[in-house]
Structures are given as structure tokens and as C-alpha cells.
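Numbering (this note's numbering), first residue to last: 76 to 208. C-beta atoms are modelled at their ideal positions from N, C-alpha and C, and glycine is treated no differently. Here the structure is a predicted model, which means the values were calculated and not measured.
Structure below.
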């Protein structure tokens, strides 16, 4: 019984420091306004308890010219807060050392951040996904 209690305590303690990961599926329908496109993207963005951010997005059917994490809830557009770096064709990475401010972290926990990929045809963004903790 003591071993079980210790295991539960350790699990709860580790959970308090675990990263919050958002598995992503980027589509044109999520853009504001919606974009008709066959382009898609998948990925995972992790936000750690210390507000550091890591992860990447892989796209298909789009020649991306830029990708960002933006601050805004679903249905709204907002300013970019982290610029992703293209590491290979169709792969966009969160730069090492990226970190959210306290306000951005609170927005993230409330569903107020999104990632999108921009193209020459759709400069404001062609595909998007809301980050959900």
C-alpha cells in the first residue's frame, strides 16, 4: 500500500511539471477567412511548464514562405509571436530557445494561440490549427 501511495505521489508530482503538447492538423478551413486549398499540415507543438516551446509542423500541398505561432483565439487573427524556421522542404521548426511570456502562456492555456503557414498565394495564411493544451 505504501508503494502504491508513493507511486501516485510521484506521478502527480511529475504531471505538474510535464509539457503540454498540442497535436496539430492544419487546414485551410481554420484560416480566417477560410481558404479553399488541398494543402494540409500535421505536427506537434510542446509548451513546457517553464513556458519554453518546441516542436515542428510538416506540410503537404503547399509551398510555404513563412510559418508562425500567433496570439489569437479561434475565429480571429492575431500577431505572430514565434517565427518558425524551415529546416527542410515542408518542415517548419520552433527555434531552439523559444519561450512564451506570462501573458502568452495564459493565452495558450485558454486556447488563444494558433500556428499557420503562409504561401505566396495566401500571404495572410493558407493553413492553420489552433494550439490546444
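By the Cβ rule, the region 122-137 counts as touching the region 186-205, because three or more pairs are nearer than 8 Å. For residue 119, the enclosing beta strand (DSSP E) begins and ends at 115-122. Counting only the Cα atoms, residue 119 lies some 21 Å from residue 151.
In this chain, residue 194 is not harboured by any alpha helix (DSSP H); it is covered by the beta strand (DSSP E) spanning 188-194. For residue 151, there is no enclosing alpha helix (DSSP H), as DSSP marks it with neither H nor E.
When beta bridges are read from the DSSP output, residue 135 appears opposite 115.
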